[in-house]
Amino acid sequence: LFVAKPHLTNVFTGDSRQKKYNGDASIVARPQTTGEVSRILKYCNEKRIGVVPQAGNTGLCGGSIPIAKEVILSVECLNEIEYFDSISGILGVQAGCVLQDLQNYAAAKNHLVPIDLGAKGTCQIGGNVSTNAGGSYYYRYGSLRGNVLGLEVVLANGDVLNLGYNPSHLKDNTGYDLKSLFIGSEGTLGIVTKVAILCPRLPRSKCAAFLSCQNFEQVTKILQMAKMQLGEILAAFEFMDDGVLSIVKEKVALPLSEMYPYCILIETHGSEEDHDREKIERFLTNTMEDGIVLDGVLAQSLSQVEDFWKIRESCNPCVAEEGFVYKYDISLPVNDFPLFIEDIRNKIPPEKALRTCNYGHVIDGNLHCNIVELGNFKVDLELSKSLEETVLESVIKRGGSISAEHGLGQYKHIHLPRIRDSATLSSMYAIKQQFDPKGIMNPGKYLPPQMSSE
Amino acid sequence: MKILVGVKRVVDYAVKVRVQNNTVDLKNIKMSLNPFCEIAVEEAVRLKEQKVADEVVAMTIGPKQATETLRTALAMGADRAIHIMTDLRTDYMELQPFAVSQIFQKIVEEEKSDLVLLGKQGIDSDCGQTGPMLAGLLDWPQITFAANIETDGTSMTVERETDSGTETIKIPQLPAVVTCDLRLNEPRYATLPNIMKAKKKKVDTRVAEDMGIDLSPRNQVLEVFEPAPRKEGIMVEDIDSLIDKLKNEAGVIA
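Read top to bottom, the protein sequences are chains P and L.
So the first sequence is numbered by our numbering: it starts at 1 and just counts up by one.
So the second sequence is numbered by our numbering: it starts at 1 and just counts up by one.
The following block contains the structure:
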């Protein structure tokens with residue numbers, strides 16, 4: 001049950017994907033059942049020991065990395081698939097199931113898990129739920145808030161709550177929707193031990209196109225045309241700029257021979273191959289005839305669809321390998337993307353080898369803006385502060401979000417007082433107090449330390 | 001030099017097939033261009049780009065939907081295409097390599113092709129027989145599993161992959177039949193402008209049953225079944241149990 005050896009804890013205390021955060025812990029608990037989770041939390045609550053819940057440890061804001069030698073509670077041993085109903089599509093699983101394993105399981109049963117992200121081979125569903133993970137299919141299949149039908153959670157005092165983890169029905173309006181609180185609260189209110197998620201049917205026809213265009217205005221135009229002309233088959237629409245692609249192309253082959261300012265990846269899901277193909281080809285012809293798309297390729301097989309996604313999913317890891325990354329995950333009206341990018345560019349000192357890499361789920365208005373200092377892995381604290389201030393200002397004045405999907409963790413929570421009114425913040429603290437009065441759940445994260453009394 | 005490239009419409013490489021009624025269930029399944037045929041098309045187009053070949057003709061044998069496969073080949077750079085229509089199953093269940101190679105023979109003779117490029121095998125039937133049979137029927141030299149091709153349009157040097165290494169064969173005088181293996185090249189993507197252009201390229205249609213060839217299968221498929229699922233690994237307690245299992249159960253050590 002317990003792992004106390006330092007060399008083994010490195011796996012849990014290091015930030016596997018970015019190498020940005022490093023915590024310190026001497027105990028990693030790996031319970032095998034909900035009962036064990038309950039006993040551990042009850043004990044830690046009595047002794048006032050901080051607990052860091054951890055699933056796949058792929059978070060990008062250090063939310064699962066300990067700060068001050070807290071006990072890491074990993075759910076990775078809670079990895080059983082408990083239930084699947086092929087008529088409703090409800091999948092009931094334990095929190096430590098790896099997302100890709102669930103995707104493979106669902107596919108074998110002709111269904112699809114409604115989220116997909118680059119970290120799928122490592123991230124676990126409990127973590128996805130606790131961070132309200134977004135991913136590439138948000139537009140088509142909706143957010144986890146809509147697709148999670150029920151949870152089993154364990155509170156700080158060891159109480160086990162069944163919040164609709166009852167895989168037999170979809171609609172239920174009986175009482176306060178407590179499970180919503182646990183979606184996206186990053187382990188600060190309790191630990192998610194089971195998830196019932198609604199899976200749509202696997203599309204019979206899947207297609208993808210990789211396109212290029214000259215500027216961001218055209219990206220926006222193509223997006224609108226896609227929504228209108230592809231209609232119900234549009235499943236994903238991602239963009240990447242030449243900043244990130246110039247780095248990715250060193251590791252992953254790009255389908256277009258020339259480098260263009262912007263590239264777009266479109267995926268469609270439908271029930272009839274011929275119908276979808278016709279729609280896509282007509283849409284592509286229109287964009288080319290209008291001169292909006294400069295060049296592009298249409299996948300001729302499922303392998304080529306995977307090839308296109310490999311490019312998009314390599315953006316994050318490839319950039320991380322080049323140097324220290326000043327990373328921003330924001331929501332903005334799509335038309336404001338270029339204005340925001342301009343604001344950032346103006347703040348970059350020309351003497352530093354900094355490259356801006358912009359990519360993301362543009363269809364959701366979600367921009368991943370990464371500024372990497374090529375060849376240097378040490379953070380420049382002054383630059384970090386100035387960039388961050390620019391990001392905040394630029395986003396807040398446009399009514400956007402400073403964390404579209406990556407969450408708050410131990411990094412972004414300090415900005416909460418600037419973006420939330422005091423009444424809202426008070427309510428959040430009240431909820432935290434209600435569920436975790438002793439403050440043992442993921443301390444130092446998500447909510448900034450309160451300024452007022454205490 | 002005129003090149004004839006065979007392209008086959010097969011179950012997409014990424015699909016996990018299922019067996020239903022003693023046959024592979026092809027209902028609503030994603031079909032694509034056979035990966036080895038894709039490599040053959042790429043090689044043919046490269047030879048044209050190098051000005052060694054002056055025409056690349058793609059040919060497929062299959063149902064109405066097989067035109068999609070031809071369109072991929074045309075989008076990759078083939079000049080025109082020939083569609084031999086048939087509703088017979090082309091995954092070995094009905095149409096088999098001997099009939100296929102006879103169809104190719106007829107077309108090669110009509111087209112007066114100088115080089116036939118085929119994929120080394122279809123990923124559905126895994127036969128690898130059409131190339132050699134065709135060469136036999138035409139009485140042409142054959143080189144299979146080509147990993148590198150060099151030609152000036154008259155003679156050809158091919159490196160072929162074998163289990164024991166690479167073999168280099170020289171054909172002093174074309175024509176010849178060459179089947180293509182994985183390492184020959186990296187096929188290009190079909191770009192949008194080329195996909196649009198492909199729509200205007202010529203596709204001639206013929207009916208397989210009207211070609212005066214006996215299309216009946218030579219071999220009868222007795223049974224189709226999925227391979228036994230891989231047995232799960234087990235954990236052993238210590239080295240002695242491991243040795244015991246390797247010796248007495250797996251029989252891999254004396």
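Glycine included, every Cβ here is placed at the ideal spot set by N, Cα and C.
Exposure label - S38 of chain P; buried when at least 16 CB within 10 Å: S38 of chain P comes out buried.
Span of the beta strand (DSSP E) around Q173 of chain L: Per DSSP, Q173 of chain L lies in no beta strand (DSSP E) and is assigned neither H nor E.
What's the call for E454 of chain P, buried or exposed, on a 16-neighbour Cβ count within 10 Å? With a pLDDT of only 41 at E454 of chain P, under the threshold of 50, the placement of this residue in the model should not be trusted; the figure read from the coordinates follows. By the C-beta density criterion, E454 of chain P is exposed, having fewer than 16 other C-beta atoms within 10 angstroms.
Residue range of the unbroken beta strand (DSSP E) whose run includes Y262 of chain P: Per DSSP, Y262 of chain P belongs to the beta strand (DSSP E) from 262-270.
Could you tell me the boundaries of the alpha helix (DSSP H) in which Y141 of chain P lies? Taken as a continuous stretch (DSSP letters only), the alpha helix (DSSP H) holding Y141 of chain P covers 138-141.
If you follow the alpha helix (DSSP H) that V391 of chain P is in, where does it begin and where does it stop? That run of the alpha helix (DSSP H) goes 381-397.
Applying the criterion that 16 or more other CB atoms from any shown protein chain within 10 Å of the CB defines a buried residue, is D159 of chain P buried or exposed? Exposed, by the Cβ-count rule.
Check whether the Cβ atoms of L192 of chain L and D295 of chain P lie closer than 8 Å to each other. Contact annotation: L192 of chain L and D295 of chain P have beta-carbon atoms nearer than 8 Å.
At least three beta-carbon pairs within less than 8 Å, the stretch 169-184 of chain P to the stretch 221-240 of chain P: Below 8 Å, too few C-beta pairs join the stretch 169-184 of chain P and the stretch 221-240 of chain P to call them touching: fewer than three.
Residue environment, K5 of chain P, which counts as buried when at least 16 other CB atoms sit within 10 Å: Residue confidence is low: K5 of chain P scores 49 on pLDDT, short of 50, so the model does not pin down where it sits. No coordinate-derived value is stated.
By the criterion of Cβ-Cβ separation under 8 Å, what are the contact partners of E250 of chain P in chain L? When 8 Å is used as the limit between beta carbons, E250 of chain P is near no residue of chain L, the shortest such separation being about 17 Å.
Does any residue of chain P bring its CB to less than 8 Å from the CB of V5 of chain L? No, V5 of chain L does not count as interfacial toward chain P.
Could you name each continuous alpha helix (DSSP H) segment of 4 residues or more that falls completely within the stretch 67-155 of chain P, going from the start of the chain to the end? For the stretch 67-155 of chain P, whole alpha helix (DSSP H) runs of length 4 or above, ordered along the chain, are 99-108, 125-130, 138-141, 144-147.
Is the shortest distance between the beta-carbon of T72 of chain L and the beta-carbons of chain P less than 8 Å? Yes, T72 of chain L lies at the interface with chain P (some Cβ there is under 8 Å from its Cβ).
If we ignore side chains and look at the alpha-carbon of each, how far apart do F340 of chain P and R312 of chain P end up? Between the C-alpha atoms of F340 of chain P and R312 of chain P there is a straight-line separation of about 22 Å.
Length of the line joining the Cα atoms of V148 of chain P and I431 of chain P: If I take the Cα positions, the gap works out to 21 Å.
Compare the C-beta of I256 of chain L against all C-beta atoms of chain P and say whether one is closer than 8 Å. The structure shown does not extend to residue 256 of chain L, since chain L spans only 1 to 254, so no value can be given for it.
Taking DSSP as the reference, what is the three-state secondary structure of E322 of chain P? Here DSSP, grouped into helix, strand and coil, assigns E322 of chain P to coil.
Grab me the residues of L1 of chain P's own chain with a C-beta within less than 6 Å of its C-beta, minus the 5 sequence neighbours each way, in chain order. Caution applies to L1 of chain P, whose pLDDT of 49 falls short of 50 and renders its modelled position unreliable; the value that the coordinates give is listed next. Excluding residues within five positions, none has a Cβ falling inside 6 Å.
To the nearest angstrom, how far is the alpha carbon of T67 of chain L from that of L245 of chain P? Approximately 34 Å between the Cα atoms of the pair.
Within the same chain, show all residues whose beta-carbon is closer than 6 Å to that of Y297 of chain P, passing over the 5 residues directly before and after it, in chain order. Here the sequence assigns Val to residue 297 of chain P, which means Tyr is not the residue at that position. Excluding positions up to five away in sequence, the list reads F210, P255.
Would you kindly work out how many angstroms separate the C-alpha atoms of D364 of chain P and Y260 of chain P, rounded to a whole number? So the two alpha carbons sit approximately 23 Å from each other.
G6 of chain L beta carbon less than 8 Å from that of L118 of chain L: Contact flag set, yes.
From E36 of chain P to G118 of chain P, what distance separates their C-alpha atoms? For the pair E36 of chain P and G118 of chain P, the Cα-to-Cα distance works out to about 31 Å.
How many Å lie between L74 of chain L and R80 of chain L at the Cα? Distance from the CA atom of L74 of chain L to the CA atom of R80 of chain L, rounded to whole angstroms, is 7 Å.
Assigned secondary structure, A235 of chain P (DSSP; H/G/I helix, E/B strand, else coil): In the three-state DSSP reduction, A235 of chain P falls in the strand class (E or B).
Residues from the stretch 282-298 of chain P in contact with chain L, defined by Cβ distance under 8 Å: Those residues of the stretch 282-298 of chain P that come within reach of chain L (Cβ to Cβ, closer than 8 Å) are L284, T285, M288, V293, D295, G296, V297, L298.
When the Cα atoms are used, what is the spatial distance from T72 of chain L to A58 of chain L? Taking the straight line joining both Cα atoms gives about 10 Å.
Leaving out five residues on either side along the sequence, give the residues of the same chain with a beta carbon under 6 Å from the beta carbon of T356 of chain P. The beta carbon of T356 of chain P is closer than 6 Å to those of G243, I371 in its chain, skipping five residues each way along the sequence.
Output yes if chain L places a C-beta closer than 8 Å to the C-beta of K204 of chain P; else output no. It should be noted that the sequence gives Arg, not Lys, for residue 204 of chain P. Yes, R204 of chain P counts as interfacial toward chain L.
Roughly how far, in whole angstroms, is the beta-carbon of P538 of chain P from the beta-carbon of C199 of chain P, given that I think they are within contact range, below 8 Å? With chain P running from 1 to 454 in the structure shown, residue 538 of chain P is simply not present.
Sub-8 Å separation of R9 of chain L and T60 of chain L beta-carbons: Going by C-beta atoms, R9 of chain L is nearer than 8 Å to T60 of chain L.
Where the stretch 387-404 of chain P meets chain L: residues whose CB sits under 9 Å from a CB there: Answer set for the stretch 387-404 of chain P: empty.
Could you have a look at K200 of chain L and say whether DSSP puts it in helix, strand or coil? Note: K200 of chain L maps to coil in three-state DSSP.
Where DSSP assigns a beta bridge to E167 of chain L, which residues make up the other side? Note: E167 of chain L sits in a beta bridge opposite L:R160.
Would you verify that the beta carbon of Q304 of chain P is, or is not, closer than 8 Å to some beta carbon of chain L? Closer than 8 Å to some Cβ of chain L, the Cβ of Q304 of chain P qualifies, so yes.
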